[in-house]
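Residues 41 to 234 in the numbering used here are what the sequence shown spells out, letter by letter.
Ideal Cβ positions, reconstructed from N, Cα and C, are used throughout, including at glycine.
Since the structure comes first, as structure tokens, the remarks are kept for the end.
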Amino acid sequence: MISVIWLGMIVISIMVGAATGRLDAVNRAVFEGAKTGVSIAIGLIGILAFWLGMMKIAEQAGILRALSRLLAPLVRRLFPDVPPNHPAMGYILSNMTANLFGLGNAATPMGIKAMEELQKLNPDPKTATPAMCTLLALNTASLTLIPTTVIALRAQMGSGNPVEIVGTTLVATAIGTATAIVFDRWFRRRSGGR
41 MISVIWLGMI VISIMVGAAT GRLDAVNRAV FEGAKTGVSI AIGLIGILAF
91 WLGMMKIAEQ AGILRALSRL LAPLVRRLFP DVPPNHPAMG YILSNMTANL
141 FGLGNAATPM GIKAMEELQK LNPDPKTATP AMCTLLALNT ASLTLIPTTV
191 IALRAQMGSG NPVEIVGTTL VATAIGTATA IVFDRWFRRR SGGR
């Protein structure tokens with residue numbers, strides 16, 4: 041569906057540009073947008089490589105395992121219908137840990153694997169389970185301690201103090217995560233789930 045929306049916006053902009061005689065402006069905007077996209081992507085590669093390397097070091101040092109053990113009781117309460125030793129729990133914990141460090145790109149594959157494992161527990165493959173809905177809500181809200189991607193974008197765009205957003209990001213994501221949990225519990229109770 042999103043590809044249809046994007047295609048529609050592109051076609052409409054080209055038609056409006058042609059109708060108003062400003063097709064050259066549309067052409068310039070296309071190439072400027074592509075140039076900006078490439079320069080942002082190249083700038084992000086370095087920062088993301090750094091933070092992914094830090095995550096690898098933290099993993100080898102046992103910090104991620106310790107954080108996962110710390111989060112495990114909370115995750116078991118959030119996902120009561122998932123067996124504690126099921127592989128989905130490991131992926132859920134990895135996804136949440138990566139999101140805590142603002143590594144959405146690293147969290148995505150773990151979230152997908154968690155959903156695949158949760159699907160194996162699903163009695164009706166055509167309907168999402170409460171655990172799947174909880175994971176989606178938490179992954180979307182995702183409490184973030186260090187918004188590495190946003191810091192990288194701010195640094196790339198020349199911000200004087202790219203890390204000044206850490207406090208407000210922490211507050212905003214904490215509120216978002218708390219809201220997601222409250223609504224998830226409310227919908228579970230309303231639908232008769234646990």
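Bounding residues of the alpha helix (DSSP H) (the contiguous stretch that carries residue i)
i: GLY48; result: 42–59
i: ASP224; result: 206–231
i: PRO149; result: 144–160
i: LEU183; result: First-last for LEU183: undefined, no H or E at that position.
i: PRO127; result: 127–140
Residues near residue i by beta carbon distance below 7 angstroms, same chain, minus five either side
i: PRO165; result: GLN159
i: ALA146; result: LEU92, MET95, ALA138
i: GLY216; result: ALA181
i: GLY232; result: none
i: ASP224; result: CYS173, THR174, ALA177
i: SER53; result: VAL66
Helix, strand or coil at residue i according to DSSP, with G and I counted as helix
i: MET95; result: helix
i: ALA168; result: coil
i: PRO120; result: coil
i: PRO163; result: coil
i: ARG109; result: helix
i: GLY102; result: coil
i: SER199; result: coil
i: ARG62; result: coil
Close Cβ partners of residue i (< 8 angstroms) along its chain, the five nearest in sequence each way excluded
i: LEU175; result: PHE119, ILE132, ASN135, GLY151, ALA154, MET155, LEU158
i: ALA65; result: GLY57
Among the options, the one whose alpha carbon lies nearest that of residue i
i: HIS126; options: ALA112, ALA138, ASN145, THR148; result: ALA112
i: THR184; options: ALA192, THR209, ASN162; result: THR209
i: ALA218; options: THR60, LEU110, SER182; result: SER182
i: MET172; options: VAL115, THR60, PHE141; result: VAL115
i: PRO123; options: ILE85, ASN139, ASN162; result: ASN162
i: LEU86; options: SER108, LEU193, ASP224; result: The question names Leu, yet the displayed sequence has Gly at residue 86. Looking at the Cα atoms, LEU193 is the closest of the given residues.
i: ALA168; options: GLY48, ILE45, ARG228, PHE71; result: ARG228
i: PHE90; options: ARG225, ILE191, THR137, ALA128; result: ILE191
i: PRO187; options: GLY200, LEU178, MET129, ILE205; result: ILE205
i: GLY142; options: TRP46, THR189, ASP121, ARG225; result: THR189
i: ARG117; options: LEU107, ALA106, MET129; result: MET129
i: ASN179; options: GLY77, VAL203, SER199, THR213; result: THR213
i: TRP226; options: PRO170, ALA59, GLY200, GLY207; result: PRO170
i: GLY198; options: SER79, GLY102, ASP121; result: SER79
Close-in-space but distant-in-sequence residues of the same chain around residue i (CB under 6 angstroms, 5 per side omitted)
i: GLY83; result: GLN196
i: ALA98; result: LEU104
i: LEU107; result: THR137
i: PRO202; result: ILE191, ARG194, ALA195
i: ILE221; result: none
Chain D within 8 angstroms of residue i, Cβ atoms only
i: ALA81; result: The chain inventory of the structure shown lacks chain D, comprising one protein chain alone.
Contact test: residue i Cβ vs the ligand MN heavy atom, cutoff 7 angstroms
i: LYS160; result: The model on display carries no ligand, and the ligand MN is accordingly not part of it.
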